[in-house]
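Visitor: Below is a structure I'd like to ask you about.
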Amino acid sequence: MKETVKKDIRALSKEQLRDFFVSEGDKAFRGNQVYEWLWSKSAHTFDEMTSLSKATRQMLEDNFVINHIKVDQMQRSNDGTIKNAVRLHDGLIVESVLIPTPTRTTACVSSQVGCSLDCKFCATARLKRMRNLNPDEIFDQVVAIDNESRLYFNKPLSNIVFMGMGEPLMNYNNVIKAIDKITSPEGLGMSPRRITVSTSGVPKMIKKLADDEVKFKLAVSLHSAIDDVRTTIMPFNENFPLSDLRDALMYWYEKRKSKITYEYVVWKGINDTRKDAQALVDFCKFAPSKVNIIEYNPIDDGQFQQANYSAIEMYQEVLERNGITVTVRRSRGKDIDAACGQLANKSN
Ligand code: SAH
106 MKETVKKDIR ALSKEQLRDF FVSEGDKAFR GNQVYEWLWS KSAHTFDEMT SLSKATRQML
166 EDNFVINHIK VDQMQRSNDG TIKNAVRLHD GLIVESVLIP TPTRTTACVS SQVGCSLDCK
226 FCATARLKRM RNLNPDEIFD QVVAIDNESR LYFNKPLSNI VFMGMGEPLM NYNNVIKAID
286 KITSPEGLGM SPRRITVSTS GVPKMIKKLA DDEVKFKLAV SLHSAIDDVR TTIMPFNENF
346 PLSDLRDALM YWYEKRKSKI TYEYVVWKGI NDTRKDAQAL VDFCKFAPSK VNIIEYNPID
406 DGQFQQANYS AIEMYQEVLE RNGITVTVRR SRGKDIDAAC GQLANKSN
């Protein structure tokens, strides 16, 4: 007997679902109903779609699958941070994190299984890139964290950051589709202003974001504004040098006119001098900017060390004097390897 491969139903647009029902001799409107079950109600099975007849549910079952993610393991940190190890339909695992503060709960989600970039300080880089996540797999991570936020903190998720595993701009189309679903009233209805996509800086894709007039925020993981230094710690900088990154960000700023955020870790002996801080000022002064100095989360081998506090104070002073907003951010969830750069599927 010929085995037919069932299609992932969530790869279909609403239009395609409507067409499918018409081709089955049913009403197009049925497509809207199924779309709502899939995206606003996050149904895991066709059986849950109780507004459809049993026969229709069976017909869907015969033709399609819902490749829902499964939270395989949930870990809770002493500081309230939650990390989910999420199993995908093909058995691969990614991680996502819920970060609670008194005023907000933030989901940190993954965009790829592993990562193709080779940032020397990041644990995910060691996993290499296995594949891109599909839009529904990104969406499901957000839904899972929203549910946990309601359950453990009695409030819905308020913010989303694409700072989990992977480089979101190297999975551009799927990330954009996932955000469309997250922000659409037919999905989760979240405001795009509460979503931040973090990139190590892929110039062509930053320009594309500007052309596509996306409404979410952009953060750039800069870590050094000196090419030689940046190439040593983020080797892809060789192909995407700082001048190209800056051009792309200028283009973005011309169109968007909103502050650009940079993420920056200060390491001992790598980027902790006044020259490094001045290069950062020179790099970002073309537009209103904000620098988030993030704490380094050690990833075992001791090659990188957090700079002394005096170096961080020096950065703060130099940036503020030049009118650049600075925040110094403490890590969350370190005890369960849930902090920035620590996601490496360790518990699996
Ligand atoms: N690829 C994207 C998103 C994932 S990394 C990007 O590069 O922005 C999310 C953030 O964690 C980035 O700013 C990254 O530079 C930072 N990061 C990676 N490893 C880290 C570590 N060990 N300690 C602190 N921050 C780290």
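Reading the sequence shown from the start, the letters are residues 106 to 453 in our numbering.
Glycine included, each C-beta is placed from N, C-alpha and C at the ideal position.
(1) Does the stretch 294–304 come close enough to the stretch 327–342 to have 3 or more Cβ pairs within less than 8 Å?
(2) For the 8 Å Cβ check, are there 3 or more pairs between the stretch 284–294 and the stretch 323–333?
(3) Tell me the DSSP bridge mates of P205?
(4) Quick one: what's T150 bridged to in DSSP?
(5) Residue range of the beta strand (DSSP E) that Q180 falls in?
(6) Is the stretch 237–248 in contact with the stretch 168–176, if contact means three or more CB pairs nearer than 8 Å?
(7) How would you write the range of the beta strand (DSSP E) that F267 sits in, first residue to last?
(8) Could you tell me the distance, in whole angstroms, from the CA atom of V280 to the CA atom of I375?
(9) Measure the alpha-carbon distance for M235 versus G271 and round it to whole angstroms.
(10) At 3 residues or longer, and completely inside the stretch 222–289: list those beta strand (DSSP E) runs for me, N to C.
(11) Given this structure, state the Cα-to-Cα distance separating Q180 from D124, to the nearest angstrom.
(12) Is G446 near the ligand SAH, judged by its Cβ being under 7 Å from some heavy atom?
(13) Does the ligand SAH have a heavy atom nearer than 7 Å to the CB of Y257?
(14) With DSSP run on the structure shown, which of helix, strand or coil describes T430?
(15) Would you please verify whether the beta carbon of N137 is less than 8 Å from any beta carbon of chain C?
(16) Closer than 7 Å by C-beta to V127: which residues in its own chain qualify, once you throw out the five before and the five after it? Chain order, please.
(17) Using DSSP with H/G/I as helix, E/B as strand and the rest coil, what is N189?
(18) Looking at C-alpha atoms only, which residue of P346, A190, Y356 is the closest neighbour of F391?
(19) Secondary structure at V302, three-state DSSP: helix, strand or coil?
(20) When you compare only the Cα positions, how much space is there between D251 and C445?
(21) Can you find the residues in the same chain that come closer than 6 Å, C-beta to C-beta, to K451, ignoring five residues on each side of it along the sequence?
(22) Rounded to the nearest angstrom, what separates R135 and A160 at their Cα positions?
(23) Is it buried or exposed for G438, if we count other Cβ within 10 angstroms and need 16 for buried?
(24) Just the C-alpha distance for V431 and I399, rounded to the nearest angstrom, thanks.
(25) Identify every residue that forms a DSSP beta bridge with E459.
(26) Taking Q447 and A283 to be in contact with their CB atoms under 8 Å, please state how far apart those CB atoms are, rounded to whole angstroms.
(27) Three-state secondary structure (DSSP) at Q411?
(28) How far does the alpha helix (DSSP H) with D349 in it reach, from first residue to last?
(29) So, helix, strand or coil for D316, using DSSP?
(30) Less than 8 Å between the C-beta atoms of S394 and Y420, yes or no?
(31) In its own chain, which residues sit with a C-beta less than 6 Å from the C-beta of K373, not counting the 5 before and 5 after it?
(32) Hey, quick one: how far does the alpha helix (DSSP H) through K380 stretch, first residue to last?
(33) Look at V202 and G269 and say whether their C-beta atoms are less than 8 Å apart.
(34) In this structure, how does DSSP classify E200 when only helix, strand and coil are distinguished?
(35) Can you name the start and end residues of the alpha helix (DSSP H) that S128 belongs to?
Guide: Per the coordinate set shown:
(1) no
(2) Too few Cβ pairs lie closer than 8 Å, so no.
(3) T210
(4) In DSSP, T150 forms no bridge with anything.
(5) 175–181
(6) Taking a cut-off of 8 Å on C-beta distances, the stretch 237–248 touches the stretch 168–176, as three or more cross pairs fall below it.
(7) 264–267
(8) Rounded to the nearest angstrom, the gap between the Cα atoms of V280 and I375 is 33 Å.
(9) 10 Å
(10) The stretch 222–289 is shown to contain whole beta strand (DSSP E) runs of 3 or more residues at 264–267, in chain order.
(11) The straight-line gap separating the alpha-carbon atoms of Q180 and D124 is approximately 43 Å.
(12) yes
(13) no
(14) strand
(15) You won't find chain C in this structure, because it holds only one protein chain.
(16) A133
(17) Taken through DSSP and simplified to helix, strand or coil, N189 comes out as strand.
(18) Y356
(19) Looking at V302 - three-state DSSP - the assignment turns out to be strand.
(20) 20 Å
(21) Excluding residues within five positions, the ones whose Cβ falls inside 6 Å are D442.
(22) For the pair R135 and A160, the Cα-to-Cα distance works out to about 13 Å.
(23) buried
(24) 11 Å
(25) The question about residue 459 has no answer here: the residues shown for the chain are numbered 106 through 453.
(26) About 23 Å separates the beta carbons of Q447 and A283, which is beyond the 8 Å limit, so they are not a contact pair.
(27) Strand at Q411.
(28) 347–361
(29) It is helical.
(30) Against a cut-off of 8 Å, the Cβ pair of Y420 and S394 comes out as no contact.
(31) Cβ-Cβ distances below 6 Å link K373 to Q410, A412 in the same chain, with the five nearest sequence neighbours on each side left out; the list follows chain order.
(32) 379–389
(33) Closer than 8 Å, so yes.
(34) strand
(35) 119–128
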